[in-house]
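Numbering (the numbering used here), first residue to last: 50 to 151.
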């Protein structure tokens, strides 16, 4: 999923390389919003006990494949794997967007 070598894309002038610094990932956006109230909507395939889960809390940390959230109701920390997250909603403030690099 994450490569050490930048991807290479064909263009009209030939092959060009697009480095990570030139793109914005959800990881970058979430990292800019640590400390904000957020709701995560998740699904878990083939799990009859809880196929879908919603968690609202404070975003504490962001990694490449996970997020750490403190549950608003229980005060417990949860590590959520990105593969299970369908989408998220910022509850208290608009999300800070990552500035575009030129």
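Note that beta-carbon positions come from the ideal geometry of N, C-alpha and C, so glycine has one too.
- In the same chain as residue 87, and ignoring 5 residues on each side of it, the C-beta atoms closer than 6 Å to its own belong to 108, 137 and 139, in chain order.
- Of all alpha-carbon atoms in 146, 143, 91 and 145, the one lying nearest the alpha-carbon of residue 116 is that of 91.
- In this structure, 106 is the residue among 72, 106 and 99 with its C-alpha nearest to the C-alpha of residue 82.
- Taking C-beta atoms as the reference points, residue 102 and residue 141 fail to come closer than 8 Å.
- Around the beta-carbon of residue 79, 16 or more other beta-carbon atoms lie within 10 Å, marking it buried.
- Exclusion of the five residues before and after residue 127 leaves 104, 118 and 120 as the residues of its chain whose Cβ lies within less than 7 Å of its Cβ.
- For residue 120, no alpha helix (DSSP H) segment is defined; the enclosing uninterrupted segment is the beta strand (DSSP E) at 115-120.
- Judged by DSSP secondary structure, residue 140 falls outside any alpha helix (DSSP H); it is assigned neither H nor E.
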